[in-house]
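Engineer:
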Amino acid sequence: MATQKRTVEVALSTTGVDAEGRPQRVPLVIADDGSPVAVEAPPMVEPDLAGEHMLINIGPQHPATHGVLRLVLELDGETVVRCIPHIGYLHCGFEKLGEYRQYNQILPLTDREDYLNAMGNNVGCAMSAERLFGIEITERCKVLRVIACELSRIASHLVWVGTTCIDIGAFTPFLWAFQQREYIYDLIERWVGARLTPTITRVGGLAADIPDGWMTDLRHFTKEFPKTVDEIDKMLTKNGIWVGRTIGLGVMTPEEATNWGLSGPMLRASGVAYDVRKDFPYYDYETYDFDVPVGTNGDVYDRYLVRMEELRQSIRILEQAANRLPDGPINVDDPRVILPNKSKATSEMESMIHHFKLVMEGPRPPLGEAYVAMESPKGEKGYYMVSDGTSKPVRWRIRPPSFVNLAAIPKMVEGHLLSDVIAINASIDIVMGEIDR
Amino acid sequence: MSDGFEIQYAGSALGNAAPAPVTPRNVPNRGGEQNPSAAALRQQFGDAIERVDVVWGVTNVYVRPERALDIVRWLHDDSSQRYDYLSDVTAVEYRDLEAPIEVVWHLRSLPFRRELRLKAQLPKDKPLEVASVWSIYKGADWLERECFDMFGIRFIGHPDLRRILMWEQYREGFPLRKDFPLRGRFSRAEQLRQALAANPEARYSMEELSIADAFEDLPTDMRKRLKGGERTGE
Numbered sequence: 004m005a006t007q008k009r010t011v012e013v014a015l016s017t018t019g020v021d022a023e024g025r026p027q028r029v030p031l032v033i034a035d036d037g038s039p040v041a042v043e044a045p046p047m048v049e050p051d052l053a054g055e056h057m058l059i060n061i062g063p064q065h066p067a068t069h070g071v072l073r074l075v076l077e078l079d080g081e082t083v084v085r086c087i088p089h090i091g092y093l094h095c096g097f098e099k100l101g102e103y104r105q106y107n108q109i110l111p112l113t114d115r116e117d118y119l120n121a122m123g124n125n126v127g128c129a130m131s132a133e134r135l136f137g138i139e140i141t142e143r144c145k146v147l148r149v150i151a152c153e154l155s156r157i158a159s160h161l162v163w164v165g166t167t168c169i170d171i172g173a174f175t176p177f178l179w180a181f182q183q184r185e186y187i188y189d190l191i192e193r194w195v196g197a198r199l200t201p202t203i204t205r206v207g208g209l210a211a212d213i214p215d216g217w218m219t220d221l222r223h224f225t226k227e228f229p230k231t232v233d234e235i236d237k238m239l240t241k242n243g244i245w246v247g248r249t250i251g252l253g254v255m256t257p258e259e260a261t262n263w264g265l266s267g268p269m270l271r272a273s274g275v276a277y278d279v280r281k282d283f284p285y286y287d288y289e290t291y292d293f294d295v296p297v298g299t300n301g302d303v304y305d306r307y308l309v310r311m312e313e314l315r316q317s318i319r320i321l322e323q324a325a326n327r328l329p330d331g332p333i334n335v336d337d338p339r340v341i342l343p344n345k346s347k348a349t350s351e352m353e354s355m356i357h358h359f360k361l362v363m364e365g366p367r368p369p370l371g372e373a374y375v376a377m378e379s380p381k382g383e384k385g386y387y388m389v390s391d392g393t394s395k396p397v398r399w400r401i402r403p404p405s406f407v408n409l410a411a412i413p414k415m416v417e418g419h420l421l422s423d424v425i426a427i428n429a430s431i432d433i434v435m436g437e438i439d440r
Numbered sequence: 004m005s006d007g008f009e010i011q012y013a014g015s016a017l018g019n020a021a022p023a024p025v026t027p028r029n030v031p032n033r034g035g036e037q038n039p040s041a042a043a044l045r046q047q048f049g050d051a052i053e054r055v056d057v058v059w060g061v062t063n064v065y066v067r068p069e070r071a072l073d074i075v076r077w078l079h080d081d082s083s084q085r086y087d088y089l090s091d092v093t094a095v096e097y098r099d100l101e102a103p104i105e106v107v108w109h110l111r112s113l114p115f116r117r118e119l120r121l122k123a124q125l126p127k128d129k130p131l132e133v134a135s136v137w138s139i140y141k142g143a144d145w146l147e148r149e150c151f152d153m154f155g156i157r158f159i160g161h162p163d164l165r166r167i168l169m170w171e172q173y174r175e176g177f178p179l180r181k182d183f184p185l186r187g188r189f190s191r192a193e194q195l196r197q198a199l200a201a202n203p204e205a206r207y208s209m210e211e212l213s214i215a216d217a218f219e220d221l222p223t224d225m226r227k228r229l230k231g232g233e234r235t236g237e
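Heads up: the sequence lines are chains R and E, in that order. Residue numbering for the first sequence is 4 to 440, as defined by this note's numbering. Residue numbering for the second sequence is 4 to 237, as defined by this note's numbering.
1) Does the beta-carbon distance from G80 (chain R) to V71 (chain R) come in below 8 Å?
2) Could you check what DSSP says for P30 (chain R) in three-state terms: helix, strand or coil?
3) Report the three-state DSSP secondary structure of N262 (chain R) (helix, strand or coil).
4) Is M153 (chain E) closer than 8 Å to P178 (chain E) when the C-beta atoms are compared?
5) With three or more C-beta pairs closer than 8 Å as the rule, is the region 141–151 of chain E touching the region 258–277 of chain R?
6) Quick one: is Y97 (chain E) near chain R, going by C-beta distance under 8 Å?
7) If distances are taken between C-alpha atoms only, which option among E:L89, E:V75, E:H79, E:V58 comes closest to V66 (chain E)?
8) DSSP three-state label for N32 (chain E), please.
9) In the structure shown, what three-state DSSP assignment does W137 (chain E) receive?
10) What whole-angstrom Cβ distance do Y86 (chain E) and L78 (chain E) have, given they're in contact under 8 Å?
11) Please classify E147 (chain E) as buried or exposed, where buried requires at least 16 other C-beta atoms within 10 Å of its C-beta.
12) Please state whether the Cβ-Cβ distance between D336 (chain R) and K145 (chain R) is less than 8 Å.
13) Against chain R, does P103 (chain E) count as a neighbour if the rule is that its beta carbon must be under 8 Å from one of theirs?
14) Using 8 Å as the cut-off, can you tell me whether the region 163–175 of chain R makes contact with the region 422–440 of chain R, which would need three or more C-beta pairs spanning the two stretches below that distance?
15) Between the region 78–101 of chain R and chain E, which residues of the former have a C-beta closer than 7 Å to a C-beta of the latter?
16) Grouping DSSP H, G and I as helix and E and B as strand, with all else coil, what is I401 (chain R)?
17) Considering Cα atoms alone, identify which of R:L328, R:E417, R:T290, R:M269 is closest to I433 (chain R).
18) Assign S390 (chain R) to buried or exposed, taking buried as 16 or more other Cβ atoms, counted over all protein chains shown, within 10 Å of its Cβ.
19) R65 (chain E) lies in the beta strand (DSSP E); which residues open and close that run?
20) Going by Cα to Cα distance, which pick from E:A201, E:W108, E:D163, E:S112 is closest to Y173 (chain E)?
21) Please identify the residue among R:I213, R:D117, R:I187 whose C-alpha is closest to the C-alpha of R402 (chain R).
22) Please report the distance separating the alpha-carbon of I213 (chain R) from that of F151 (chain E).
23) Quick one: what does DSSP say I90 (chain R) is sitting in, helix, strand or coil?
24) Nearest by alpha-carbon distance to H56 (chain R): which of E:Q37, E:D220, E:I52, E:D81 is it?
25) Go ahead and pull the three-state DSSP assignment for A276 (chain R).
26) Out of R:C95, R:N107, R:A129, point me to the one whose CA is closest to A376 (chain R)'s CA.
27) Between the C-alpha atoms of V75 (chain R) and I59 (chain R), what's the straight-line distance to the nearest angstrom?
28) When the Cα atoms are used, what is the spatial distance from S39 (chain E) to T26 (chain E)?
29) Taking CB distances under 8 Å as the criterion, tell me whether P222 (chain E) reaches chain R.
30) Quick one: give me the first and last residue of the beta strand (DSSP E) that Y286 (chain R) is part of.
31) Using a Cβ-Cβ distance cut-off of 8 Å, determine whether D439 (chain R) contacts chain E.
32) Name the chain E residues whose beta carbon is nearer than 7 Å to that of D391 (chain R)?
33) In the structure shown, what three-state DSSP assignment does E139 (chain R) receive?
34) Which of the three DSSP states is assigned to N60 (chain R) in this structure?
35) Take F158 (chain E) as the anchor and find which of E:G176, E:L131, E:W170, E:R180 has the nearest alpha-carbon.
36) Short of 7 Å in beta carbon distance, which residues of its chain neighbour L1 (chain R), apart from the five on each side in sequence? Order them along the chain.
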């Protein structure tokens with residue numbers, strides 16, 4: 004670096020003005036003979052930035068973290084050297100609360116953890132409680148629960164597509180996705196009366212049967228919805244910006260993905276064909292004809308492709324379920340868990356006592372424990388319940404897929420650019436309600 | 004673009020002739036088909052396997068806590084078992100306060116499509132400690148941290164056993180223990196006082212500040228507090 008010589012002058016206004024009336028300017032250094040001396044300025048050295056790291060904080064109140072996630076990043080220039088996630092801002096203690104509640108009273112808690120997949124959680128939790136009671140639900144209930152799961156999956160994936168688009172800079176698909184999601188919530192509202200938190204299941208059955216004409220609307224939805232998927236597909240899949248911002252990011256190899264316990268689209272995008280619906284099936288999923296999309300690169304783009312294909316496959320399942328829906332009761336004929344008929348409860352003594360005991364004391368499962376996994380939109384969601392024979396579980400545990408998926412974020416973002424952190428974080432499809440519980 | 008990975012199919016070790024999995028029906032409470040890994044474990048580890056039972060279709064294997072790591076490692080590495088997927092790590096405390104706390108691992112073998120529940124019973128009169136399986140399954144990192152956070156079980160060998168859902172200064176104990184009241188140990192007034200006294204600006208731990216050399220950039224009063232030993236970070 005060449006040394007630059009420059010004269011530093013200071014304006015000393017207090018010493019008066021010169022002959023032309025301007026403030027008198029004197030050099031900083033004056034030699035003994037009164038002549039100005041050029042001052043040797045310190046050499047201008049470019050600071051050596053390599054090795055100097057910067058700490059940057061994203062969240063917890065940052066729109067691109069999809070909730071109250073906080074990431075502390077150590078940056079070398081724009082490259083992430085290290086990522087320290089902080090969670091727990093939404094911790095509600097659902098597992099503790101569940102230990103103080105009867106089995107049917109736990110179900111509303113499941114709406115509120117992964118609130119994008121509320122009906123799916125209801126189904127999973129009820130499935131776990133039913134395993135504990137040894138109940139086989141009716142065929143009609145099984146098909147209706149499959150419909151509820153798949154509608155939830157579509158709604159959750161639509162939110163994922165929409166918000167990820169916004170993170171990466173596309174706004175239009177967000178509106179298309181949320182419009183379709185609104186149709187799904189209209190369907191749910193007509194079924195059980197609530198939209199976001201429907202609590203659709205009861206232990207041994209459902210809160211309500213579908214109303215007249217509901218199936219027609221579902222068929223209309225399954226017919227119209229693929230057009231939206233195609234539109235989003237056309238907009239994004241070969242879009243240069245989208246491809247440029249997603250390919251090659253956050254790669255997990257199949258071995259790493261399995262070892263880190265990833266599940267759902269995250270695992271399948273890495274090339275591991277594991278879907279709970281196929282490999283540990285429940286509710287006769289093995290009799291439905293659907294495919295499990297699998298990626299081969301394990302990057303953000305593959306996760307996008309897998310989720311888009313899952314939207315189409317869910318529609319296939321919905322169509323088959325709508326065609327095979329049998330008649331019959333929605334609740335099992337099991338007096339241990341199902342309330343007696345209302346008119347009987349108000350007119351017959353035995354039924355009234357039965358009703359009273361079921362409501363006040365709650366159903367009592369036998370001693371035992373059950374871990375039942377289901378395929379939620381985020382991955383393998385497990386509900387683990389331990390009973391000691393009383394009407395409240397000893398332990399109620401949620402195996403949260405996005406919690407385990409998010410644990411791999413330090414591995415995925417390290418070495419990538421700061422702007423890619425947003426894309427990678429979006430690709431995990433986290434819901435903080437489920438992570439913090 | 005790279006050529007991509009080779010796709011790994013669940014159930015690959017079973018061969019093409021194996022029947023497709025079906026939904027289990029009328030699962031019995033006790034008894035039923037035992038996971039073949041349980042017998043293999045008995046043969047391999049003998050005394051370290053305390054008890055095996057099948058509850059609602061899933062095989063429970065009770066193992067001695069000090070051998071848990073060896074057993075999990077064998078299940079992961081052995082070519083006839085290949086439990087390559089750790090679903091969950093959690094703990095159960097029973098309402099009977101004399102009963103030991105159980106640490107529960109839910110393992111899956113994707114190539115063989117098996118699931119197995121391992122349990123280790125930790126008596127309450129000894130320190131609650133068990134070996135971490137982080138060296139085998141990286142996914143155990145946060146699951147074990149949560150288990151420590153909620154139950155106070157120390158996982159020996161975990162690289163970074165800190166609280167995860169509760170904040171680091173949380174002093175009320177371990178929320179999912181049965182002796183922990185539903186509303187917390189401290190009174191509402193004390194909880195409110197602590198919440199108001201918390202300094203939301205000092206949210207970085209010393210470790211985070213030191214990795215980025217950012218300590219000197221902090222305001223003087225914050226530096227003074229940190230030097231005085233105040234713990235920060237969440």
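Idealized CB from N, CA, C, for every residue including glycine.
Structural biologist: Looking at the atomic coordinates:
1) Taking the first sequence and counting its residues from 1, the one referred to as residue 80 (chain R) is at position 77. Taking the first sequence and counting its residues from 1, the one referred to as residue 71 (chain R) is at position 68. V71 (chain R) is positioned such that its CB atom lies no closer than 8 Å to that of G80 (chain R).
2) Here residue 30 (chain R) refers to the residue found at position 27 of the first sequence. Any answer about P30 (chain R) is weak, because its pLDDT of 47 lies below 50 and its placement is not dependable; what the coordinates show is given next. Judged by DSSP in its simplified three-state form, P30 (chain R) adopts strand.
3) The residue labelled residue 262 (chain R) in the question sits at position 259 within the first sequence. Residue state, collapsed to three classes: helix.
4) Residue mapping note: residue 178 (chain E) aligns to position 175 of the second sequence, counting from 1. Residue mapping note: residue 153 (chain E) aligns to position 150 of the second sequence, counting from 1. Yes, Cβ-Cβ distance for P178 (chain E) and M153 (chain E) is below 8 Å.
5) Output reads yes: the region 141–151 of chain E touches the region 258–277 of chain R.
6) Residue mapping note: residue 97 (chain E) aligns to position 94 of the second sequence, counting from 1. Y97 (chain E) counts as touching chain R.
7) For the purposes of this step, residue 66 (chain E) is taken as the residue at position 63 of the second sequence. Ranking E:L89, E:V75, E:H79, E:V58 by CA distance to the CA of V66 (chain E) puts E:V75 first.
8) Along the second sequence, one-based indexing puts residue 32 (chain E) at 29. DSSP places N32 (chain E) in the coil class of the three-state scheme, outside both helix and strand.
9) Stepping through the second sequence from its first residue, residue 137 (chain E) is reached at position 134. Collapsing the DSSP output to three states places W137 (chain E) in coil.
10) By one-based count along the second sequence, residue 86 (chain E) stands at place 83. By one-based count along the second sequence, residue 78 (chain E) stands at place 75. About 4 Å separates the two Cβ atoms, so the contact holds.
11) Working through the second sequence from its first residue, we reach residue 147 (chain E) at position 144. Its Cβ being crowded by 16 or more others within 10 Å, E147 (chain E) is buried.
12) Locating residue 336 (chain R) in the first sequence gives position 333, where the first residue counts as 1. Locating residue 145 (chain R) in the first sequence gives position 142, where the first residue counts as 1. In this structure, K145 (chain R) does not lie closer than 8 Å to D336 (chain R) by Cβ.
13) Taking the second sequence and counting its residues from 1, the one referred to as residue 103 (chain E) is at position 100. Not an interface residue.
14) By the criterion of at least three beta-carbon pairs nearer than 8 Å, the region 163–175 of chain R is in contact with the region 422–440 of chain R.
15) Result list: R85, I87, H89, I90, G91, H94, G96, E98, K99.
16) Locating residue 401 (chain R) in the first sequence gives position 398, where the first residue counts as 1. Three-state DSSP puts I401 (chain R) in a strand.
17) For the purposes of this step, residue 433 (chain R) is identified with residue 430 of the first sequence, where counting begins at 1. Looking at R:L328, R:E417, R:T290, R:M269, the one whose alpha-carbon comes closest to that of I433 (chain R) is R:M269.
18) Taking the first sequence and counting its residues from 1, one reaches residue 390 (chain R) at position 387. Buried, because 16 or more other Cβ atoms sit within 10 Å of the Cβ of S390 (chain R).
19) On the second sequence, residue 65 (chain E) is found 62 positions in, with the first residue counted as 1. At residue 65 (chain E) the sequence reads Tyr, which differs from the Arg that was named. Boundaries of the beta strand (DSSP E) harbouring Y65 (chain E): 61–66, taken from the DSSP string.
20) Taking the second sequence and counting its residues from 1, one reaches residue 173 (chain E) at position 170. If you compare the alpha carbons of E:A201, E:W108, E:D163, E:S112 with that of Y173 (chain E), the shortest gap goes to E:A201.
21) As a first step, residue 402 (chain R) must be located in the first sequence, where it is residue number 399. Nearest C-alpha to R402 (chain R): R:D117.
22) Against the first sequence, residue 213 (chain R) aligns to sequence position 210. Against the second sequence, residue 151 (chain E) aligns to sequence position 148. Spanning the two alpha carbons is a distance of roughly 44 Å.
23) Translated into the one-based positions of the first sequence, residue 90 (chain R) becomes position 87. In the three-state DSSP reduction, I90 (chain R) falls in the coil class, being neither helix nor strand.
24) By 1-based counting over the first sequence, the position of residue 56 (chain R) is 53. The option with the nearest alpha carbon to H56 (chain R) is E:D220.
25) Counted from its first residue, the first sequence places residue 276 (chain R) at position 273. Of the three classes helix, strand and coil, the one that applies to A276 (chain R) here is strand, per DSSP.
26) Stepping through the first sequence from its first residue, residue 376 (chain R) is reached at position 373. Residue R:A129 is the option with its Cα nearest to A376 (chain R).
27) One-based indexing of the first sequence puts residue 75 (chain R) at position 72. One-based indexing of the first sequence puts residue 59 (chain R) at position 56. Taking the straight line joining both Cα atoms gives about 6 Å.
28) For the purposes of this step, residue 39 (chain E) is taken as the residue at position 36 of the second sequence. For the purposes of this step, residue 26 (chain E) is taken as the residue at position 23 of the second sequence. Per the sequence shown, residue 39 (chain E) should be read as Pro rather than Ser. Computed Cα separation, rounded: 19 Å.
29) The residue labelled residue 222 (chain E) in the question sits at position 219 within the second sequence. Answer no: the Cβ-Cβ gap between P222 (chain E) and chain R never drops below 8 Å.
30) Within the first sequence, residue 286 (chain R) is the residue found at index 283, counting from 1. According to the DSSP assignment, Y286 (chain R) belongs to no beta strand (DSSP E), since it is labelled neither H nor E.
31) Position 436 of the first sequence, counted from the start, is the residue given in the question as residue 439 (chain R). So yes, D439 (chain R) belongs to the interface.
32) Position 388 of the first sequence, counted from the first residue, corresponds to residue 391 (chain R). Contact annotation for D391 (chain R) against chain E: Y97, R98 [CB-CB distance below 7 Å, chain order].
33) On the first sequence, position 136 is the one that residue 139 (chain R) refers to. E139 (chain R) falls in the coil class under three-state DSSP.
34) Numbered from 1 along the first sequence, position 57 holds the residue referred to as residue 60 (chain R). Three-state DSSP puts N60 (chain R) in a strand.
35) The residue you call residue 158 (chain E) lines up with position 155 of the second sequence. Of the candidates E:G176, E:L131, E:W170, E:R180, the one whose C-alpha sits nearest the C-alpha of F158 (chain E) is E:L131.
36) Nothing about residue 1 (chain R) can be read from this structure; chain R reaches only from 4 to 440.
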